[in-house]
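Note that our numbering has the sequence shown beginning at 43, numbered continuously upward.
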Amino acid sequence: MNVAFLIGKIIFGAYWLIASFNHFTNLSYMSEFAKAKGTPSPKLAVAGTGVILLIADYLPAGRVVPDA
């Protein structure tokens with residue numbers, strides 16, 4: 043695997059991991075913002091998007107691309 047490709051996967055994965063971590067650590071703050079925007083069930087929505095971000099982190103970071 044190319045070193046630059048590996049570094050890119052690590053940076054890309056770290057971005058999504060930090061974004062999902064912020065959704066869970068700032069749950070009350072983000073829930074208040076979502077509530078102000080009219081989101082129904084804001085805590086569930088913020089937690090759900092945090093889970094989606096965790097999945098989005100795993101899929102590209104865990105995928106192995108074969109050498110051509």
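Ideal Cβ positions, reconstructed from N, Cα and C, are used throughout, including at glycine.
Secondary structure at residue 82: coil, using DSSP grouped into helix, strand and coil.
If the five residues before and after residue 66 are omitted, its C-beta is found closer than 6 Å to the C-beta atoms of 92, all from its own chain and listed in chain order. When the five nearest sequence neighbours on each side are left out, the beta carbons in the same chain lying within less than 7 Å of the beta carbon of residue 88 are those of 65, 69, 72, 73 and 76, in order along the chain. A direct Cα-to-Cα measurement between residue 63 and residue 49 gives close to 21 Å. In the three-state scheme derived from DSSP, where H, G and I count as helix and E and B as strand, residue 64 is classed as helix.
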